[in-house]
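Residue numbers (our numbering): 24 to 408.
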């Protein structure tokens with residue numbers, strides 16, 4: 024009997040050691056590959072190493088923060104969730120008054136040459152707060168109403184920046200929490216129908232949104248305007264082909280592709296290394312998603328399962344949307360590619376989220392539960408998930 028118990032404990036311990044090392048390695052390799060991609064996208068600039076070196080420094084900082092976040096007991100995250108959420112929400116509001124405007128969006132704090140985007144840093148703690156709310160109101164329509172209210176409160180300052188790409192990611196986080204927690208599709212569909220008038224209002228009052236959609240459907244109708252971005256994607260991908268153009272000599276990415284080191288990072292990389300060269304990138308995100316969902320499946324409490332699955336879903340969804348936009352399957356959204364696109368805030372946010380995932384994945388070998396709100400999750404039917 025003791026031998027069986029020791030064997031079982033050993034399996035759990037191996038799970039807590041092997042997976043973190045694997046996730047660390049996958050994210051570090053993606054980040055390193057991203058630094059090279061950023062160099063390739065800015066090689067014709069006055070300071071070709073500037074962006075790549077800064078991104079590498081953020082990668083090192085992100086790795087350290089991910090390790091530290093993974094070592095914090097998940098119980099502490101649960102106990103301090105409301106305070107963490109408040110601490111991250113306040114800067115999200117204040118940036119509207121104290122922030123600086125970049126590319127028409129007032130969403131950054133400037134500290135000398137360092138710019139911090141609070142909406143990015145807040146992502147993992149926003150998901151954590153959604154999970155915290157969900158497990159306390161986890162039956163019937165009540166949990167859905169609370170999640171929607173939390174979502175609305177968080178996206179209001181994002182709308183006023185305005186940053187509709189980040190808004191989409193925040194909505195995806197709420198949807199992930201609700202569905203992984205066993206929520207009803209009926210409530211979700213009903214809310215989408217209810218939101219339709221608001222979407223129509225946005226399209227009517229924000230002409231550039233409608234122009235992006237028209238440019239996506241028929242880019243040749245306005246090749247120098249709304250269709251420009253889509254056409255540059257097409258030309259860049261065509262130039263990359265199967266094996267890619269000359270590395271460090273990517274004419275299209277460096278000359279015509281808008282924001283080739285951030286919003287168009289995947290297309291820029293495709294020009295350099297071709298379709299075969301970007302397959303490892305897609306495979307890397309697939310490995311991250313597989314690892315995250317496997318950790319969620321093995322989680323020893325409902326709260327942990329919900330957070331790991333939701334955070335993994337949000338990061339993976341962001342990568343999926345960015346890649347889809349860059350290959351012409353979706354209209355431009357301004358959504359960056361995690362670990363690849365230039366930006367320290369996005370990189371740190373992703374790695375903080377991964378660190379908290381690893382903290383949640385740590386199995387409690389003592390067998391003690393008793394964490395407030397850390398029990399099983401009930402869906403709308405009341406059955407455990």
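In this text, a Cβ means the ideal position worked out from N, Cα and C, and glycines have one as well. These numbers were taken from a predicted model, which means no experiment stands behind them.
Item, Value
"Could you have a look at residue 70 and say whether DSSP puts it in helix, strand or coil?", "coil"
"If you follow the alpha helix (DSSP H) that residue 123 is in, where does it begin and where does it stop?", "Not the alpha helix (DSSP H): residue 123 falls in the beta strand (DSSP E), residues 123 to 125."
"Output the boundary residues of the alpha helix (DSSP H) element that contains residue 156.", "146 to 157"
"Leaving aside the five residues before and after residue 186 along the sequence, list all residues of the same chain whose C-beta is less than 6 Å from its C-beta, in chain order.", "128 and 130"
"Just to confirm before moving on: does the CB-CB distance between residue 46 and residue 377 stay below 7 Å?", "yes"
"In its own chain, which residues sit with a C-beta less than 7 Å from the C-beta of residue 210, not counting the 5 before and 5 after it?", "164 and 167"
"Judging by CA-CA distance, which residue of 383, 380 and 374 is the nearest neighbour of residue 143?", "374"
"Based on DSSP bridge pairs, tell me the residues matched to residue 128.", "125"
"DSSP has residue 134 in a bridge; who is on the other side?", "137"
"With a CB to CB cut of under 6 Å and the five nearest residues on each side skipped, what residues in its chain are close to residue 293?", "260, 263 and 301"
"Please check the pair residue 183 and residue 111, which I expect to be a contact at CB under 8 Å, by giving their CB distance rounded to whole angstroms.", "Between residue 111 and residue 183 the Cβ distance is about 17 Å, and since that is not below 8 Å, they are no contact."
"By a C-beta neighbour count over all protein chains shown, 10 Å radius and 16 as the cutoff for buried, is residue 16 buried or exposed?", "In this structure the chain extends from 24 to 408, so residue 16 is not present and cannot be described."
"Where does residue 374 sit, in a helix, a strand or coil, going by DSSP?", "helix"
"As a quick exercise: from 296, 327, 208 and 181, pick the residue whose alpha carbon is nearest that of residue 117.", "181"
"Closest to residue 67 by CA distance: which of 283, 146, 197 and 317 is it?", "283"
"Can you tell me which of the three DSSP states residue 95 falls into?", "coil"
"Enumerate in chain order the residues of its own chain whose CB-to-CB distance from residue 393 is below 7 Å, with the five nearest sequence positions on each side excluded.", "With a pLDDT of 34 at residue 393, under the threshold of 50, the predicted position of this residue should be treated as unreliable, and no value is reported."
"Within 10 angstroms of its Cβ, does residue 123 collect 16 or more other Cβ (buried), or is it exposed?", "exposed"
"Along the chain, where does the alpha helix (DSSP H) containing residue 308 start, and where does it finish?", "288 to 321"
"In this structure, how does DSSP classify residue 265 when only helix, strand and coil are distinguished?", "coil"
"How is residue 243 classed by DSSP in three states: helix, strand or coil?", "helix"
"Buried or exposed: where does residue 346 fall if 16 or more other Cβ atoms within 10 Å of its Cβ makes it buried?", "buried"
"Taking the alpha-carbon of residue 351 as reference, which of 364, 290 and 196 has the nearest alpha-carbon?", "290"
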